[in-house]
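Below is one structure, written out as structure tokens; comments come after it.
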């Protein structure tokens, strides 16, 4: 058994894991693993819980199993790691993982961050898996740690809410635990309340005053409509009905606090009594604005080239797929240009990577200035760019005109910190006429091959795919 998990708090740790296992699959954890899979482009991402005998999959994308024996788990090594993380670029090079479940299933890459309770007890891990070996740089590890921190925060909020609900001896009835419970709940950075079937508040914690500007003593006894207004009451009603029918309800909403838009996530838990009656429900609502902003940033990073701000390869391929689908309806021509900088390697090698980066940024800027606002410019990799042109009446002529314009534009010197430099561009063009049937990958390949033909013919020119004169 792992040294850390055999601490004096082992009983508490196992109890937390047992309780977490008993809850439904959390939508927020599912969303985080889905986001991780998309950002890191891996085959699987999941949140695990690890007890003495079993690894449980609490949430995940791309992994079919729900649990596996502890000895088959790689996450146990993550828990043992002093740094709190474990990254294995190639599992096949590590003999200790040969008999692990993921090793047997053909996975080659693993990365995991330990997830801990509020007391620091190890509960499991936030993990990535892929069938191809890969490395993570410092920024990617930091991004993975950010996602793991959000998952860990979900565990912490669940701990706090469960503690409050477990000790909730209906404080409005004046029990002996009222004072202790009040202190716990009032210090939670979330809205905690109990609402009866009649939609009147029976209890509200101190955080309500910060959000509503109403003293919580004035919230208690008032109808939801009086506190939040009829529009929000109407929004909440379907979720309230769900909770009062005996099922947990989860909602997200937008509200304004001190003039700022905030995003909230609420969980309504039915107050199911031993006799089967449900006199009301418990509510816990939290501010998820920061988490949503991080998710949006990560999504953007997954589709954006960080150097130029242009769409990256993934976003470009999605855009080309969508454009080809639209073309079947609009019946107009479509063109794809594949551009490569002539002489970029020499400048990058002689003046350094900073100069190369600055050159790529200026090149991207000139591309954007030369095209229509409806055209897409993307950076695929290195010094390779593509331009997607849609809704062309005369696709061949339009592509020829723009290519000539781009050749002329790039002939002007580029001004770098190290001085003025001269580079040109070679362009390959592939056309898909109205009614044409081609896949995005094949269109890119055709334009790419034409670009290399332009290179072989002397560079600083363009070649149209299928043009036998070139």
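Residue numbers (full-length UniProt numbering): 1 to 470. Quick reminder that beta carbons are idealized off the backbone N, C-alpha and C, glycines included.
Residue i in three-state terms, based on DSSP
i	result
residue 479	In the structure as shown, the chain starts at 1 and stops at 470, and residue 479 therefore has no counterpart that could be examined.
residue 201	strand
residue 323	helix
residue 464	strand
residue 65	coil
residue 275	coil
residue 49	strand
residue 356	helix
residue 43	coil
residue 438	coil
residue 10	helix
residue 365	helix
residue 336	strand
residue 380	strand
residue 18	helix
residue 91	helix
residue 72	helix
residue 108	coil
residue 148	helix
residue 119	coil
residue 140	helix
residue 455	helix
residue 318	helix
residue 135	coil
residue 171	Summary for residue 171: the model assigns pLDDT 46, below 50, so the residue's position carries little reliability; its value from the coordinates is reported in the next sentence. Residue 171: helix per DSSP, three-state reduction.
Residue span of the beta strand (DSSP E) that contains residue i, given as start and end
i	result
residue 472	Nothing about residue 472 can be reported from this structure: the residues present for the chain run from 1 to 470 only.
residue 310	Taken as a continuous stretch (DSSP letters only), residue 310 belongs to no beta strand (DSSP E), as it is neither H nor E.
residue 373	Per DSSP, residue 373 belongs to no beta strand (DSSP E) and is neither H nor E.
residue 390	384 to 392
residue 122	122 to 130
Residue i - partner residues in DSSP beta bridges
i	result
residue 263	254
residue 217	Per DSSP, none; premise fails for residue 217.
residue 268	249 and 283
residue 223	200
residue 349	None, per the DSSP bridge assignment.
residue 415	420
residue 425	341
residue 85	113
residue 190	286
residue 430	336
residue 195	201 and 281
Range covered by the alpha helix (DSSP H) that runs through residue i
i	result
residue 80	75 to 80
residue 404	395 to 411
residue 30	27 to 40
residue 212	207 to 212
residue 298	289 to 303
residue 242	230 to 244
Cβ separation of residue i and residue j, assumed to be a contact under 8 Å, to the nearest whole Å
i	j	result
residue 32	residue 123	Actually they do not touch by this definition, with Cβ atoms about 15 Å apart.
residue 200	residue 216	Between residue 216 and residue 200 the Cβ distance is about 14 Å, and since that is not below 8 Å, they are no contact.
residue 252	residue 262	Not really, about 11 Å apart at Cβ, beyond 8 Å.
residue 190	residue 204	That pair is no contact at about 12 Å.
residue 29	residue 135	Their Cβ separation, rounded to whole angstroms, is 26 Å, which puts residue 29 and residue 135 out of contact at 8 Å.
residue 16	residue 115	Not really, about 11 Å apart at Cβ, beyond 8 Å.
residue 291	residue 150	6 Å
residue 455	residue 426	5 Å
Distance cut-off 7 Å: residue i Cβ against heavy atoms of the ligand MG
i	result
residue 295	Judged by which ligands are present, the structure shown has none, so any question about the ligand MG falls away.
8 Å Cβ cutoff, residue i in contact with chain C
i	result
residue 260	Checking the listed chains, one finds no chain C in this structure; it contains a single protein chain.
> Touch check for the segment 83 to 90 and the segment 104 to 113: three-plus C-beta pairs under 8 Å?
Replying inline: Touching, per the Cβ criterion.
>> When you compare the segment 279 to 286 with the segment 187 to 204, are there three or more beta-carbon pairs, one atom per stretch, that lie closer than 8 Å?
In response: Segment contact: the segment 279 to 286 against the segment 187 to 204, three or more CB-CB distances shorter than 8 Å; contact assigned.
> Just checking, does the segment 29 to 47 make contact with the segment 122 to 141 on the three C-beta pairs under 8 Å criterion?
Replying inline: Result yes; three or more Cβ-Cβ pairs closer than 8 Å.
> Quick one: any contact between the segment 425 to 442 and the segment 458 to 467, if contact means 3 or more CB pairs under 8 Å?
Replying inline: Touching, yes.
>> Would you call the segment 292 to 306 in contact with the segment 406 to 415, where contact means no fewer than 3 C-beta pairs closer than 8 Å?
In response: Contact check between the segment 292 to 306 and the segment 406 to 415: fewer than three CB pairs, one atom from each, fall below 8 Å, which does not count as touching.
> Is the segment 321 to 337 touching the segment 51 to 66, taking contact as three or more C-beta pairs under 8 Å?
Replying inline: Contact between the segment 321 to 337 and the segment 51 to 66 is absent, because fewer than three Cβ pairs lie under 8 Å.
> Is it a yes or a no for the segment 335 to 351 touching the segment 379 to 394, going by three-plus beta-carbon pairs under 8 Å?
Replying inline: Counting C-beta pairs with one atom in each stretch, the segment 335 to 351 and the segment 379 to 394 have three or more that are closer than 8 Å, which means they touch.
>> Tell me whether the segment 298 to 314 and the segment 361 to 372 touch, counting them as touching only if at least three CB pairs, one residue from each stretch, are closer than 8 Å.
In response: Segments in contact, yes.
> Quick one: any contact between the segment 414 to 421 and the segment 350 to 357, if contact means 3 or more CB pairs under 8 Å?
Replying inline: Put simply, the segment 414 to 421 touches the segment 350 to 357. At least three CB pairs are less than 8 Å apart.
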